[in-house]
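Written out below as structure tokens is the structure these notes cover.
Number of protein chains: 2
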Amino acid sequence: MTRPQLDEMNCAIARTLDVIGDRWTGLILRDVSLGITRFDAIQRDLGISRRVLSERLATMVDHGILQRVAYQTAPARYDYFPTEKGADLGLVLLAMQAWGNRWLFDDEEVPLLLRHASCGNEVSPQIACPECGEELRPQDIVPVPGPGGVDDSAELTAALERWSQPGG
Amino acid sequence: MTRPQLDEMNCAIARTLDVIGDRWTGLILRDVSLGITRFDAIQRDLGISRRVLSERLATMVDHGILQRVAYQTAPARYDYFPTEKGADLGLVLLAMQAWGNRWLFDDEEVPLLLRHASCGNEVSPQIACPECGEELRPQDIVPVPGPGGVDDSAELTAALERWSQPGG
Chain A
1 MTRPQLDEMN CAIARTLDVI GDRWTGLILR DVSLGITRFD AIQRDLGISR
51 RVLSERLATM VDHGILQRVA YQTAPARYDY FPTEKGADLG LVLLAMQAWG
101 NRWLFDDEEV PLLLRHASCG NEVSPQIACP ECGEELRPQD IVPVPGPGGV
151 DDSAELTAAL ERWSQPGG
Chain B
169 MTRPQLDEMN CAIARTLDVI GDRWTGLILR DVSLGITRFD AIQRDLGISR
219 RVLSERLATM VDHGILQRVA YQTAPARYDY FPTEKGADLG LVLLAMQAWG
269 NRWLFDDEEV PLLLRHASCG NEVSPQIACP ECGEELRPQD IVPVPGPGGV
319 DDSAELTAAL ERWSQPGG
């Protein structure tokens with residue numbers, strides 16, 4: 001059997017996992033988003049090898065989620081900053097953090113919180129309906145084929161048909 | 169250098185990546201959430217080897233994000249369903265899907281959308297302040313140490329101090 005390539009699957013989750021589904025990539029993006037933007041600082045913070053960090057940073061630049069900005073020229077040294085595309089992954093990181101804080105740490109052991117700067121409350125990622133603005137529960141949400149269709153999988157097509165049936 | 173274990177890092181994102189940062193795990197959770205709940209159907213849908221799927225399902229049950237429910241006894245066959253802990257990962261999947269739909273597909277190629285059942289609008293994950301209920305922009309959010317502290321990293325501690333400074 002040919003192992004399918006994630007970046008060729010007709011699925012937004014598969015293609016996103018292809019970009020950030022490497023464990024180190026998620027942590028590098030976390031560091032850069034928090035303001036740890038230089039090679040040596042990221043390397044020390046994560047404790048990974050320089051070779052792996054160098055490879056991952058190059059791939060993240062290739063994917064357009066990080067950009068390099070020189071802060072020194074002789075020798076050349078760079079800050080890594082999120083692009084708009086990379087910053088937009090913040091919601092994925094926030095959703096991971098909220099889940100991890102809830103399920104993998106006791107309340108008194110939570111290492112990091114995110115606060116709304118103006119009011120000081122802890123923020124929480126949620127799913128909202130852009131029409132009514134209310135938070136949605138999972139049972140309120142129905143998957144439907146998009147304009148590109150999901151015709152490459154009989155199993156997914158059958159699952160979506162079950163969702164479209166009354167009471168399904 | 170000892171490679172750090174993700175599940176021992178004092179970070180909710182690292183520990184969450186330890187649970188779902190394997191590429192297949194994210195896709196298996198997607199399938200199960202969509203209603204593709206049986207081994208053979210998941211295997212056909214994803215096109216992965218039976219050995220890898222079997223290993224990943226066992227790990228997901230161990231992590232408490234999937235539960236097995238027998239639908240047949242001779243031979244034993246199981247449906248896999250998300251637990252409450254697994255269903256709560258839905259926001260992570262939704263955030264990935266929203267990002268992938270936006271950045272990795274042209275509008276007319278988007279394969280799957282999620283609709284609010286009652287009003288029919290496409291749902292979108294967002295970050296909200298539980299106090300004011302408004303959607304937050306990334307620049308409105310400030311990371312702060314939680315009750316468990318982040319004292320295992322000088323780089324992270326320094327980054328958080330920069331956030332706490334006026335104009336930082």
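Protein chains in written order, with this note's numbering: chain A, 1 to 168; chain B, 169 to 336. No residue lacks a Cβ here, since even glycine has one placed at the ideal position from N, Cα and C. Being a predicted model, the structure only gives us computed values, none of them experimental.
Same chain, Cβ closer than 8 Å to residue i, neighbours up to 5 away in sequence not counted
i               : result
A98 of chain A  : S124 and P125
G189 of chain B : L174
L262 of chain B : L282, V291 and P293
L62 of chain A  : Correcting the residue type first, residue 62 of chain A is Asp in the shown sequence and not Leu. Closer than 8 Å at Cβ, skipping near neighbours: no residue.
Own chain partners of residue i with C-beta closer than 6 Å, once the 5 adjacent residues on each side are dropped
i               : result
Q67 of chain A  : F81 and T83
D214 of chain B : Looking at the sequence itself, residue 214 of chain B is Leu, so the reference to Asp does not match. L195, listed in sequence order.
R183 of chain B : D175
G336 of chain B : Unreliable placement is indicated for G336 of chain B, whose pLDDT of 46 sits below 50; the coordinate value is still reported in the next sentence. The residues are R330.
I339 of chain B : Residue numbering for chain B in the displayed model covers 169 to 336; residue 339 of chain B lies beyond these limits and cannot be assessed.
V278 of chain B : N269
S164 of chain A : none
Selection from the options that minimises the alpha carbon distance to residue i
i               : options                          : result
E290 of chain B : A:P143, A:L91 and A:L53          : A:P143
R77 of chain A  : A:E155, A:V32, A:W24 and A:T37   : A:T37
G100 of chain A : B:R270, B:L257 and B:L261        : B:L257
R283 of chain B : A:E131, A:E108, A:R51 and A:W103 : A:E131
C129 of chain A : B:G189, B:C287 and B:G301        : B:C287
L33 of chain A  : A:R102, A:V110, A:Q165 and A:A87 : According to the sequence shown, residue 33 of chain A is Ser rather than Leu. Out of A:R102, A:V110, A:Q165 and A:A87, A:A87 has the C-alpha closest to the C-alpha of S33 of chain A.
C179 of chain B : A:I127, A:L57, A:L104 and A:A41  : A:L104
A58 of chain A  : A:V19, A:R44 and A:P75           : A:V19
R377 of chain B : A:D62, A:Q43 and A:S153          : The question about residue 377 of chain B has no answer here: the residues shown for chain B are numbered 169 through 336.
Inter-residue CB distance, residue i and residue j (contact presumed, cutoff 8 Å)
i               : j               : result
L280 of chain B : P145 of chain A : 7 Å
I28 of chain A  : M60 of chain A  : 7 Å
M96 of chain A  : V260 of chain B : 6 Å
G248 of chain A : E276 of chain B : No answer is possible for residue 248 of chain A: the residues shown for chain A start at 1 and end at 168.
D140 of chain A : A285 of chain B : 5 Å
W192 of chain B : V237 of chain B : Contact doesn't hold; Cβ gap of about 21 Å is too wide.
A169 of chain A : E323 of chain B : In the structure as shown, chain A begins at 1 and stops at 168. Residue 169 of chain A is therefore absent and cannot be evaluated.
According to DSSP, residues forming a beta bridge with residue i
i               : result
F81 of chain A  : A:Q67
I309 of chain B : A:H116
I42 of chain A  : Answer is none; I42 of chain A lacks a bridge partner.
S124 of chain A : B:A296
A76 of chain A  : A:T73
E135 of chain A : A:A128
Buried or exposed by the 16-neighbour rule on C-beta atoms within 10 Å, applied to residue i
i               : result
S217 of chain B : exposed
G232 of chain B : exposed
T241 of chain B : exposed
D199 of chain B : buried
A159 of chain A : buried
G133 of chain A : exposed
R330 of chain B : exposed
E55 of chain A  : exposed
Residues near residue i by beta carbon distance below 7 Å, same chain, minus five either side
i              : result
L17 of chain A : L6
K85 of chain A : G64 and I65
D79 of chain A : T37, R38, V69 and Y71
P75 of chain A : none
Residue i Cβ short of 7 Å to the ligand ADP heavy atom set
i               : result
L282 of chain B : The ligand content of the structure shown is nil, which means the ligand ADP is not present either.
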